[in-house]
Amino acid sequence: MITSFFKKKVEATADTPAPASASSVPRPAKRPIDEALGEGASKTDVSPSEPTAGAKAGRRRKATIHDSDDEDGAGNAADTTPVPPLPPLPEVSNSGTRVVAPINTTSEPTSMEMDETAPSVTATAALAQTDAKPELAAKAAQPAAAAGPSANAKGKPVGTTAAKIAYNKYDVEAAATWKAGEPVPYLFLARVFGRIEAEPKRLLITELMANAFRTVIATSPDDLLPLMSLATNKLAPAYEGIELGIGDSIMIKAVSETCGRSVAAIKADMEEVGDLGEVAMASRTKQVTLSKPKPLQVRGVYKTLKEIALTSGHEAMKRKGDKIKQMLVAAQEKEAQYIVRSLQGKMRIGLAEQTALVSLAHAFVLTASPGRDAPAALRGEALQERLIEAEAIVKQVYSEMPNYELIIKALLAHGIDELPQHARLTAGVPVKPMLAKPTKGLSEVLDRFSNCAFTCEYKYDGERAQIHLLEGGMVKVYSRNSEDNTTKYPDIAALMPRAIKSHVTSIILDSEAVAVDTKTGAILPFQVLSTRKRKDASVDDIGVKVCVFAFDLLYLNGESYLQRPLAERRAALHASLQVLPRELEFAQASDAADVDAIQEFLLESIKGNCEGLMIKTLAENATYEPSRRSLNWLKVKKDYLAGMTDSCDLVPIGAYYGKGKRTGVYGAYLLACYNPDDETYESVCKIGTGFNDEALQTLHKGLSERIIQQKRAYYKTPNWADSSQPDVWFEPCQVWEVLAADLSISPVHMAAAGLVDPAKGIALRFPRFLRVRDDKGVEDATSAEQIAEMYNNQACTKTSSTLEGGDDY
DNA sequence: GTTAGGACCAATC
DNA sequence: CTCAGACGAATTCGG
DNA sequence: CCGAATTCGTCTGAGGATTGGTCCTAAC
1 MITSFFKKKV EATADTPAPA SASSVPRPAK RPIDEALGEG ASKTDVSPSE PTAGAKAGRR
61 RKATIHDSDD EDGAGNAADT TPVPPLPPLP EVSNSGTRVV APINTTSEPT SMEMDETAPS
121 VTATAALAQT DAKPELAAKA AQPAAAAGPS ANAKGKPVGT TAAKIAYNKY DVEAAATWKA
181 GEPVPYLFLA RVFGRIEAEP KRLLITELMA NAFRTVIATS PDDLLPLMSL ATNKLAPAYE
241 GIELGIGDSI MIKAVSETCG RSVAAIKADM EEVGDLGEVA MASRTKQVTL SKPKPLQVRG
301 VYKTLKEIAL TSGHEAMKRK GDKIKQMLVA AQEKEAQYIV RSLQGKMRIG LAEQTALVSL
361 AHAFVLTASP GRDAPAALRG EALQERLIEA EAIVKQVYSE MPNYELIIKA LLAHGIDELP
421 QHARLTAGVP VKPMLAKPTK GLSEVLDRFS NCAFTCEYKY DGERAQIHLL EGGMVKVYSR
481 NSEDNTTKYP DIAALMPRAI KSHVTSIILD SEAVAVDTKT GAILPFQVLS TRKRKDASVD
541 DIGVKVCVFA FDLLYLNGES YLQRPLAERR AALHASLQVL PRELEFAQAS DAADVDAIQE
601 FLLESIKGNC EGLMIKTLAE NATYEPSRRS LNWLKVKKDY LAGMTDSCDL VPIGAYYGKG
661 KRTGVYGAYL LACYNPDDET YESVCKIGTG FNDEALQTLH KGLSERIIQQ KRAYYKTPNW
721 ADSSQPDVWF EPCQVWEVLA ADLSISPVHM AAAGLVDPAK GIALRFPRFL RVRDDKGVED
781 ATSAEQIAEM YNNQACTKTS STLEGGDDY
């Protein structure tokens, strides 16, 4: 019966909806910041909370390329500034030529020139009033005009091995308004961030950041670590466990208090603007401050953020709040915006770790270092090769030693080429784990690995555990994100000495920690694992037992195994450990290459309460190098398999305003199933992924017409705090097809409450939007009873396994 | 002063 | 964890 | 064979359920 239900779903999914061409709705990746927000004092001010501003923001949001060009043009006009001191921005070389999207042939020729001269200058107040010296702009414009749009500065045709990033025309020293050795003003960084945020091209972003690094290296190298940390929003290595303890709620309060505005007013602005940082900046700019506080410094902001993170105990929130307010009060231009974003943990400027690492590498190539040619000696292709080489070194080193402090110290002291000798893989320091790329099915896997040896392993539904055994016997356990989980897993620490064979003195292994029933040995669901104590657990009172399923070896007896092929690493793994049943085992693996055998193996894995398979090459391209190819493994999860899916038809009953790039549309919806027994709609999950831009627009438009003032009496929805309640409610009017990986007993959602658990309802795990079901009425939505049935039908829920769903494909 | 519950956060997937 | 969009590089197509 | 078109890989930032830990507040 259930199978037939699934079958029905499969058919339903088969007829594809007309795919919307993404080009039909040109939405710029980055919305230029609204002028109204930046210009506080100088212009007739329009508060963002006022309706006019909202309308304006809305228009801007749909801006096409034209608008961005306008922005560029406006930014070109240099200005004077009332706010000293003003460090000049690093100048970008004009290697990049804007390639206007082929669909949009309407852009004017002017866009080119504008772009060449000042690719990232926008009309924001902060940047409009920059120092962009006219001479500089003119200088930059000239060679560009001469070279033409499809050639780089040297006039070489684009396409061959033309310069990736030219790195000309940046006067490292002149960019600094501070004297060498003095602290770098935070304003310098804030302006760089501003330019980066306005720049969609990654190569130019890389260049902007690299130039900022160059200037700081040349003048105040002590500030390089703070700079890197602020740019990537990492206060300390993950394994040191330093957390800000600040979230949106606290930030909203802090902003409202600093700016003397109500929380409600801030929230109202958020609806329009979609970014608390911008709201803070706008509110600050409008404030009249009597005494001017000392300008913020890069190292000062960094230090304060760390202090905030380390604040704990009685009145901690108050003390954190005070520090935040201090910074915000001292903030000028866009400083407030980026301070707020740092505290929120989302810089959203289009530059993240990977790009920052590249910039860092490039900066050191372009800076004279011990035993290296002066950068001036490097030109053209030689320079490019050098940049690429440096990039690889830095990324590689970072993946083996994810610690900016050590890397930057080593870079400053010894330069790039010596870096690997000073920051290498060590037991006790986590390695960035290798990740897997999702695939849509076995056929894709076979496609990809058609001509090389590969192996399949069970994909266990637990938690990644990178286990280090150090010389001397100490054991450390790290998570997927390099957090130190040692005190969470004293049981793993205890089993390691028993598991290693006698020749092993130190080892790093990669594994999945999975909850198991010690009596039966059965694998338990992830939900059970997550109830384990997280900190300072003691071996004696561990409620949930764990079995470690080891699948890789990265390091053995002082030697790195990262460069060796998987076949070899796996052999060493098996040779180094002995199985301790229900405590440490090897991941179930099969080297079979024929389709039927793999299919069978996949089915078995699912019957064994696993998520599916991991597929990895054994010999070629089989090293453990997350830096070079982070997704060299493939995963086949059961929810991608036709016939094994949990697909539902659900009704959107509420929605949340989107933030960031979803500003102006709903960012997420609350979905419900239908319970015909008492004619209610019971919430089963929120959903915020699977929509393309067009769907976001259409759904927003369509459902905005169905808003009701209050939620209906027959909506059974979570008992959330006010701050989590949907921003709007809808009448039941649409049915959406939604895919999920699993169903879980929910502490908040209401679906099928009473049918499986006496009080709790059921929720979807990893829900994603597939399409609107125009063919279904709201009362044809998946019923509460069906949800319960689907829950009970899951492999891990079943007692007597009758999972013979193989017939479905 | 102590404790219980709630709000919020950070972490896993 | 899932997903979409953007850029840039690689590869394929067509004259 | 070269330039244009297309595909592919990488990176970023939107968003999900669920849990334990921390701090605050209100009641005792």
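Taking full-length UniProt numbering, I'd label the letters of the first sequence as residues 1 to 809.
Even glycine gets a Cβ: it sits at the ideal position worked out from N, Cα and C.
Original post:
Are V495 and L580 touching if we call contact CB-CB under 8 Å?
Top reply: Checking the sequence, you will find Leu at residue 495 rather than Val. It is a contact, given that the beta carbons lie within the stated cut-off.
Original post:
In chain order, what residues of the same chain lie with their CB nearer than 7 Å to the CB of Q794, ignoring the 5 residues before and after it?
Top reply: D742 and L743
**OP:** Label D491 either buried or exposed according to how many other C-beta atoms from any shown protein chain fall within 10 Å of its C-beta, with 16 as the threshold for buried.
**Re:** buried
Original post:
DSSP three-state call for Q129: helix, strand or coil?
Top reply: Confidence at Q129 is low in this model, with a pLDDT of 32, below 50, so the placement of that residue is unreliable and no value is reported for it.
Original post:
So who's on the other strand from V546, going by DSSP bridges?
Top reply: A515
Original post:
Can you give the Cα-Cα distance for Y791 and T680, rounded to whole angstroms?
Top reply: 20 Å
Original post:
Closest by CA to S219, which one among R261, K253, D171 and V192?
Top reply: Per the sequence shown, the amino acid found at residue 219 is Thr instead of Ser. Of the listed residues, the one whose Cα sits closest to T219 is D171.
Original post:
Does DSSP put C733 in a helix, a strand or coil?
Top reply: coil
Original post:
From this set, L446, A672, K440 and M644, which residue's C-alpha is nearest A655's C-alpha?
Top reply: A672
**OP:** Kindly indicate which three-state DSSP category L230 falls into: helix, strand or coil?
**Re:** helix
Original post:
From what residue to what residue does the alpha helix (DSSP H) around T455 run?
Top reply: Where T455 is concerned, there is no enclosing alpha helix (DSSP H), although the beta strand (DSSP E) it sits in stretches over F454 to K459.
**OP:** Just grab the DSSP bridge partners of Q794 for me.
**Re:** Beta-bridge pairing links Q794 to no other residue.
Original post:
Should Y555 and L425 be called a contact, given that it needs their Cβ atoms to be closer than 8 Å?
Top reply: yes
Subject >> Coarse secondary structure for A751, derived from DSSP in three states >> reply: strand
Subject >> When T486, Y404 and R448 are compared against T439, the one with the closest alpha-carbon >> reply: R448
Subject >> Euclidean distance between Cα positions of I408 and L224 >> reply: 7 Å
Original post:
Candidates V255, I266 and G274: which alpha carbon is nearest G664's?
Top reply: G274
Original post:
Roughly how many angstroms lie between the CA atoms of C796 and V184, to the nearest whole one?
Top reply: 56 Å
Subject >> Cβ distance (whole Å) where K545 is taken to contact K488 below 8 Å >> reply: Not a contact, Cβ separation roughly 14 Å.
Original post:
Taking the continuous alpha helix (DSSP H) assigned at E585, which residues delimit it?
Top reply: No alpha helix (DSSP H) contains E585, which is instead part of the beta strand (DSSP E) from L584 to F586.
Original post:
Got a sec, what are the start and stop residues for the beta strand (DSSP E) G277 sits in?
Top reply: No beta strand (DSSP E) contains G277, which is instead part of the alpha helix (DSSP H) from L276 to K286.
Original post:
Just the Cα atoms here: how many angstroms apart are E789 and T782?
Top reply: 11 Å
Subject >> Runs of beta strand (DSSP E) lying entirely within the segment 661-717, each at least 3 residues, in chain order >> reply: 666-675 and 680-687
Original post:
How big is the Cα-Cα spacing for Q230 and D222?
Top reply: The residue asked about is misnamed: residue 230 is Leu in this sequence, not Gln. One C-alpha to the other measures close to 14 Å.
Original post:
Is N485 buried or exposed, if buried means 16 or more other CB atoms sit within 10 Å of its CB?
Top reply: buried
Subject >> Inter-stretch contact at 8 Å, needing at least 3 Cβ pairs: the segment 558-572 / the segment 414-421 >> reply: no
Original post:
Which two residues bound the contiguous beta strand (DSSP E) that contains G761?
Top reply: G761 to R765
**OP:** May I ask which residues mark the beginning and end of the alpha helix (DSSP H) holding P420?
**Re:** L419 to H422
**OP:** Flag this pair as yes or no: are the beta carbons of A453 and T623 separated by less than 8 Å?
**Re:** no
Original post:
Using a Cβ-Cβ cut-off of 7 Å (strictly less than) and excluding sequence neighbours within five positions of L446, which residues of its own chain qualify?
Top reply: V595
**OP:** Would you mind sorting P626 into buried or exposed? The rule is 16 or more other CB atoms within 10 Å of its CB.
**Re:** buried
**OP:** Report the three-state DSSP secondary structure of L366 (helix, strand or coil).
**Re:** coil
**OP:** To the nearest angstrom, report how far apart T285 and I252 are at their CA atoms.
**Re:** 17 Å
Original post:
What is the C-beta distance between D552 and L573, in whole angstroms, given that I count them as a contact (C-beta under 8 Å)?
Top reply: 7 Å
Original post:
DSSP beta-bridge partners for S342?
Top reply: S342 pairs with nothing; no bridge assigned.
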